[in-house]
Amino acid sequence: HRADQAMYAAKRNQTHGWQLWGVDGAGDDELRADLVVDVEAGQISVVYQPIVDLRSGDLVAVEALARWEHPVRGPVPPSTFIPLAEEAGVVHALGMSVLDQATRQVRRWQQRLPEGRALQLSVNLSAHQLERPALAAEVTEVLARTGFDPRHLVVEIPESAVADDESAAPHLAALRAAGARIALDDFGTGYSSLRHLTRLPVDVLKLDRCFVAELNGEAEGSAVAEAVIRLAQVLRLETIAEGIELPAQATELTLLGCRNAQGYHFAAPLPPERVDELIGASIEAWPHLPPVVPPRV
Ligand code: C2E
Ligand code: MG
Ligand code: MG
Ligand code: MG
């Protein structure tokens, strides 16, 4: 087997020796094998992106995002390693490791925050995980083990994962029955039919950042964002806007009636120590935090 690997590596060097790994997929097999080892060894870490209430500026939730640092190649982005984990069949193990770490961590933050100030946790699930019959039971088991109240968990599923058929519905219903809420991630890019949407057990629409990037103060630029926010209001769902990078985008989303948002304008995904500091500052300032954007009048 080792000899095979050496042969393949030599072949790759013959054909692609002049190219960097990843540019044409050369090196993917090794990278995938290394990922499997690291997932199994618990080497996936978690960063947390703050989600804020646009009207008050309060930190209301964090989204857990997986991080992988390859010993030789350095940090590998999720857009590379999540598909590799799916191919290798370890994306569920990866997701459960993120859920385990994040629920322990957020529970500690919840315990620091004053009574009445809940901190929600969003965790991403891959479409592949929806194929597991016991998914909801497995999620519940982690929550029981880490002592995390399921009512503070939001499970994010890419809209594209539920677009084609209704086979996701029973899973989503089971997760909801366990107390969690369901968010459709990257909403607006997954082509689910609107008829389909009203039949799925869903609580939150996450407006994809490409629609936030189009906001420019003109009607055309805000058309899709506005339509999604209205749709959510009519269906009594929450909206979280993704990828806010500019103050003007935060203001426009607030005026359109969007409640919650995340993006580099507020904070990038942060290591837990940095969120510790934010929580400390937020406890000191509470309840007199200045609003991030002027409240709607
Ligand atoms: P996502 O769930 O839509 O997460 C939001 C992504 O947008 C994150 O990328 C985040 O770093 C990035 N982002 C946040 N604010 C901004 C902004 O203002 N501008 C821009 N341009 N980007 C922003 P990240 O961490 O690279 O993750 C990419 C995707 O990988 C995630 O997209 C999610 O689909 C997937 N992913 C990450 N962690 C996990 C995981 O634990 N499990 C699974 N199944 N998927 C994960
Ligand atoms: Mg997400
Ligand atoms: Mg997203
Ligand atoms: Mg997105």
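Residue numbers (full-length UniProt numbering): 462 to 758.
Glycine included, every Cβ here is placed at the ideal spot set by N, Cα and C.
**Message:** Between the alpha carbons of residue 711 and residue 663, how many angstroms are there, rounded?
**Reply:** 24 angstroms
**Prompt:** For the alpha helix (DSSP H) that residue 623 lies in, which residues bound it at each end?
**Reply:** Where residue 623 is concerned, there is no enclosing alpha helix (DSSP H), given that its DSSP letter is neither H nor E.
**Residues near residue 528 by beta carbon distance below 6 angstroms, same chain, minus five either side** = 506 and 508
**Message:** Any contact between the stretch 530-538 and the stretch 561-573? By contact I mean 3 or more CB pairs, one from each, below 8 angstroms.
**Reply:** no
**Request:** Count the other CB atoms, across all protein chains shown, that sit within 10 Å of the CB of residue 633; report buried if there are 16 or more and exposed otherwise.
**Result:** buried
**Request:** Measure how close the beta-carbons of residue 582 and residue 607 come, nearest whole angstrom, since I'm counting them as under 8 angstroms.
**Result:** No, residue 582 and residue 607 are not in contact; Cβ-Cβ is about 11 angstroms, not under 8 angstroms.
**Prompt:** On the three-state DSSP scale, how would you describe residue 548?
**Reply:** helix
**Asked** Run through DSSP, which three-state label would residue 578 get?
**Response** coil
**Request:** Tell me whether residue 642 sits in a helix, a strand or coil according to DSSP, three-state version.
**Result:** strand
**Pairwise C-alpha distance: residue 681 and residue 549** = 42 angstroms
**Asked** What does residue 513 pair with, by DSSP beta-bridge criteria?
**Response** 520 and 722
**Prompt:** In chain order, what residues of the same chain lie with their CB nearer than 6 angstroms to the CB of residue 417, ignoring the 5 residues before and after it?
**Reply:** The first residue shown for the chain is 462 and the last is 758, placing residue 417 beyond what the model contains.
**Item:** Local Cβ density within 10 Å of residue 659, reported as buried at 16 or more and exposed below that
**Value:** exposed
**Asked** Do you know offhand how far residue 474's Cα is from residue 495's?
**Response** With a pLDDT of 47 at residue 474, under the threshold of 50, the modelled position of that residue is not reliable, and the figure given next carries that caveat. When rounded, the distance between both Cα atoms is 19 angstroms.
**Item:** residue 677 classed as buried or exposed, judged by whether at least 16 other C-beta atoms fall within 10 angstroms
**Value:** exposed
**Request:** Using beta-carbon positions only, say whether residue 650 and residue 625 come within less than 7 angstroms of one another.
**Result:** no
**Prompt:** Going along the chain, which residues of its own chain have a beta-carbon closer than 7 angstroms to the beta-carbon of residue 683, five neighbours each way excluded?
**Reply:** 676, 713 and 717
**Request:** Have a look at residue 621 and residue 515 and give me their C-alpha separation to the nearest angstrom.
**Result:** 27 angstroms
**Message:** Please classify residue 546 as buried or exposed, where buried requires at least 16 other C-beta atoms within 10 Å of its C-beta.
**Reply:** buried
**Message:** Does the distance between the C-beta of residue 626 and the nearest non-hydrogen atom of ligand 2 fall short of 6 angstroms?
**Reply:** no
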